[in-house]
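Novice:
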């Protein structure tokens, strides 16, 4: 099993497939590296080395009580990138993973990074506030915390409806996608799942985005019911030094699965640009 050891002894599990320029994927909450399997297989078949880790507390990585915070997530990503001696890498983050990518660059710079992609990312901030009037109220995140504590298994099952937009007219429901989300979510420790809610909701990535001085593609669905586009992607692209916004009409938060063919093609084009 491929693992690297973080500075506090936590084992970070990762997959490393293919050969060529490196593309490193950071997943969303409460999932794991396998959430990127469609993109990884596609890009590996098109001449790229694809790497995806399970965030601490998620998937097959160690599940420590401490260290469930965005700075540590970013440092764990740095440990992986340095252990594999990656240079000229493209970092791709979905949802919470987009925050992780931004915070990595904010803390560790772009010396090993050629470009970045933020997909349905929580950047610059999810929580409503004076500078983010279109953000999400704290009551929503408190509700998520309560649901995780009360019955996280059922909550993960229920969350798939809005996550994949199955509640929209014309949507093609998939029990397989629902089951996959639940299975990955239940491999996350309840401690890590609970603690990560604060990280993806309250973290402010504004200063991190300002330091992302590499070409950055921002991809977001305009029907994202989990991470509203007005509070995140549309603001992020105004902050990024080299940001480009690509809006997927009618796409939900889980677009790496529901719109995988479109996303795969756009990632490939961006990598080749």
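In this note's numbering, the protein residues as written are 25 to 297.
From the three backbone atoms N, C-alpha and C, an ideal C-beta is built for every residue, glycine too.
Small disclaimer: the values here were computed from a predicted structure and weren't measured.
(1) With 16 other CB atoms within 10 Å as the buried threshold, where does residue 173 fall?
(2) Between residue 139 and residue 103, which are expected to be in contact by the criterion C-beta below 8 angstroms, what is the C-beta distance as a whole number of angstroms?
(3) Since residue 229 is in the alpha helix (DSSP H), which residue starts that stretch and which ends it?
(4) How should residue 90 be labelled, buried or exposed, when 16 other C-beta atoms within 10 angstroms of its C-beta is the threshold for buried?
(5) Assign residue 261 to one of three DSSP states: helix, strand, or coil.
(6) Helix, strand or coil, according to DSSP, for residue 53 in the structure here?
(7) What would DSSP say about residue 190, mapped onto helix, strand or coil?
(8) Whose C-alpha, out of 293, 44, 252, is nearest the C-alpha of residue 152?
(9) Sorted by chain position, which residues of the same chain lie with C-beta nearer than 6 angstroms to residue 143's C-beta, five sequence neighbours on each side aside?
(10) Answer with buried or exposed for residue 196, where buried requires no fewer than 16 other C-beta atoms within 10 angstroms of its C-beta.
(11) For residue 54, is the classification buried or exposed, using 16 other Cβ atoms within 10 angstroms of its Cβ as the cut-off for buried?
(12) Under DSSP, the beta strand (DSSP E) around residue 113 begins and ends at which residues?
Specialist: If we stick to the structure as given:
(1) exposed
(2) Their Cβ separation, rounded to whole angstroms, is 21 angstroms, which puts residue 139 and residue 103 out of contact at 8 angstroms.
(3) Looking at the DSSP string, residue 229 is not in any alpha helix (DSSP H), and its letter there is neither H nor E.
(4) exposed
(5) helix
(6) coil
(7) coil
(8) Comparing Cα positions, the closest option is 252.
(9) Counting only Cβ-Cβ distances below 6 angstroms, and skipping sequence neighbours, we find 118, 243.
(10) exposed
(11) buried
(12) 113–118
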